[in-house]
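Take any residue in the sequence shown, note its place counting from 1, add 18, and you have its number in the working numbering. A short worksheet on the structure shown next.
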Amino acid sequence: MNLLARLSFRKDRASTNGRSEDETAKNGRKQPEGKAPKGKAPKKQQPSESFEMVKRRATVNLAILERPLMSSTEFIVDARYRNMKLLDSGSYGIVVRAFDSKTKTAVAIKKIFSAFSCSRMARHVLREVRLLRHLDHPHIVKLLDIDVPGQYTAWQSVYIVTPLLEVDLYTAFRQGKVDDVLKQKKIAYQLLLALEHMHSHGLMHRDIKSKNLLLDKDMNVQLCDLGESRFYSKANRDILFEDELEDELEPQLSGVITTILQSAPELVFGDEYDAEVDIWAAGCVIAEIVRPGHEYLFDSVAKHSHLQEIVDIIGYPTPDVAETIDKNAAWVLRRVRKSSGNRIADMLGPSVDQLAIDLVEKMLTFSPKQRISATDALHHPWFDEARDETINNRGKYDFAQTEPSKKTPKSKLKRLVWDEIIGFHPEAAGMAVR
């Protein structure tokens with residue numbers, strides 16, 4: 019289950035009271051308080067350096083949960099989080115489910131390894147934390163807590179706590195939970211509400227797919243995995259913060275970001291793009307929602323074949339349309355076999371509502387400029403039964419003004435993440451920050 023982000027195994031060197039977690043696990047015991055190893059004078063504890071909460075931490079070795087491969091990885095979080103079970107692992111961390119004994123609810127906790135190993139990684143973590151915390155919307159996953167580290171100077175792992183939802187949309191498809199037409203409209207509508215809110219803040223999600231739509235027991239949507247989100251400028255269609263261009267940690271941030279199955283034509287051409295890539299990807303997801311069997315509309319896994327498949331299904335663009343897409347479009351399209359006509363209706367099948375087909379066609383246009391916006395899509399007649407006018411965009415938060423520059427050192431970025439933690443734990447403000 020992909021709950022929050024792409025994750026992978028990475029040796030964690032986070033610290034517990036000044037030692038790495040690996041060393042703590044290896045030694046199997048801690049030095050008694052007030053005593054020092056033989057031949058060394060006792061080191062006086064600096065009360066301002068360590069936060070009091072560390073005394074009641076819950077340390078869980080994930081080897082005892084499910085996977086022996088993770089024997090060197092520990093979860094060191096507040097003791098309020100209990101009954102942990104491993105859920106997922108991937109590119110830079112792990113996710114567990116847990117029970118929050120304070121709120122009496124199930125939560126998901128993501129541990130990000132080596133969060134401050136370099137400035138790009140630290141900036142990525144800061145961006146995700148800020149988006150989760152300040153994008154206040156019922157259909158975007160909410161940040162419940164960021165766990166306080168035991169010690170600031172040795173702090174490397176970040177623990178992000180969010181609600182634990184029942185299932186993601188991809189899994190719900192396979193379980194037959196999305197066959198009711200009204201449920202389909204509700205899910206599609208709530209996805210567009212989330213995108214409208216992000217786009218109103220000048221944010222692209224950049225990775226819209228069924229696995230990133232979480233569903234609760236009432237089939238309400240929460241959009242997750244905001245780590246790939248970026249700011250954009252409507253005035254000049256430039257990406258404002260392109261720290262991804264030479265990012266060795268996360269090469270997927272360059273070029274095609276979203277899963278190739280949901281990649282818009284402009285991503286395949288490889289030049290400028292903005293929030294319309296989210297509309298295209300959402301159109302692919304809505305097609306998947308309404309299509310019998312919930313099959314992908316596009317299923318090619320390579321750029322060239324994906325572009326050919328797009329042309330086969332929505333038709334070959336006219337020269338004037340191609341010029342509006344991208345300066346490279348005409349050259350790239352020479353390599354593609356021409357196809358006439360729009361076959362979206364045929365692909366979705368005769369049982370699908372014509373209004374649903376019309377919406378998908380408006381979302382899947384070759385030219386981004388001709389693509390319907392999230393706001394206009396929400397007013398499409400297909401949603402007349404599912405429309406909820408009580409859900410409006412919430413208050414604005416100026417993310418662009420708070421985005422650190424690429425020159426910001428990782429020590430400063432670490433401090434900015436710490437400031438976000440203080441927003442949840444003001445009682446920890448007295449910890450020494452060096």
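Every residue gets a Cβ at the ideal spot worked out from N, C-alpha and C, and that includes glycine.
Helix, strand or coil at residue i [DSSP, three-state]
i, result
"E445", "helix"
"T171", "coil"
"N101", "strand"
"E3", "Only positions 19 to 452 of the chain appear in this structure, which leaves residue 3 out of reach."
"G301", "helix"
"Q185", "Residue identity check: residue 185 is Val in the sequence provided, not Gln. V185 falls in the strand class under three-state DSSP."
"G111", "strand"
"R353", "coil"
"D317", "coil"
"K432", "helix"
"P86", "A caution first: P86 carries a pLDDT of 39, below 50, which makes its placement in the model unreliable, though a value can still be read off. P86: helix per DSSP, three-state reduction."
"Y334", "coil"
"Y207", "helix"
"R148", "helix"
"R248", "strand"
"L373", "helix"
"F287", "helix"
Sub-9 Å separation of residue i and residue j beta-carbons
i, j, result
"D186", "K229", "yes"
"A172", "D296", "no"
"H223", "L241", "yes"
"L162", "I205", "no"
"S175", "A133", "yes"
"G220", "E146", "no"
"P283", "I375", "no"
"D317", "L279", "yes"
"I332", "T383", "yes"
"Y461", "K129", "Given a span of 19 to 452 for the chain in the structure shown, any question on residue 461 remains unanswerable."
"S281", "A300", "no"
"L431", "H398", "no"
"D149", "S247", "According to the sequence provided, residue 149 is Leu. The question's Asp does not apply to it. Yes, the Cβ-Cβ distance between L149 and S247 is below 9 Å."
"F131", "V114", "no"
Other residues of its chain near residue i: CB distance less than 7 Å, five sequence neighbours each side excluded
i, result
"A305", "L315, L366, V378"
"A340", "A347, A348, L351"
"A116", "Y99, R100, N101, M102, V125, I127"
Cutoff 6 Å; reference residue i; Cβ partners in own chain excluding five residues on either side
i, result
"E260", "Bear in mind that a pLDDT of 45 at E260, under 50, signals an unreliable position, so the number given afterwards is only what the model happens to contain. Taken in chain order, the list of residues that qualify is empty."
"V370", "V308"
"A190", "V196, L233"
"I158", "A212, L241"
"L434", "L144"
"A395", "L210"
"H152", "Y415"
"E294", "P386, R389"
Residues that residue i bridges to, as DSSP identifies them
i, result
"L116", "Residue identity differs from the one stated: residue 116 is Ala in this sequence, not Leu. In DSSP, A116 forms a bridge with V125."
"K179", "Per the sequence shown, the amino acid found at residue 179 is Val instead of Lys. According to DSSP, which records beta bridges pairwise, V179 is partnered with I127, D163."
"G220", "G220 pairs with nothing; no bridge assigned."
"L232", "D186, Q240"
"I158", "L241"
"F401", "Answer by DSSP bridge pairing: none, since F401 is not bridged."
"D106", "V113"
Contacts around residue i, its chain only, beta-carbon distance under 8 Å, and the 5 residues preceding and following it disregarded
i, result
"K356", "V329, Y334"
"A140", "A133, F134, K428, L431, K432, V435"
"M381", "I297, W298, A300, G301, I304, R389, I390, A395"
Quick test of the definition: if touching needs 3 or more C-beta pairs under 8 Å, does the region 434–447 touch the region 165–182?
Proximity of the region 434–447 to the region 165–182 meets the contact definition, three or more beta-carbon pairs being nearer than 8 Å.
Evaluate contact between the region 347–362 and the region 398–405, counting only Cβ atoms and requiring at least three cross-stretch pairs below 8 Å.
Segments in contact, no.
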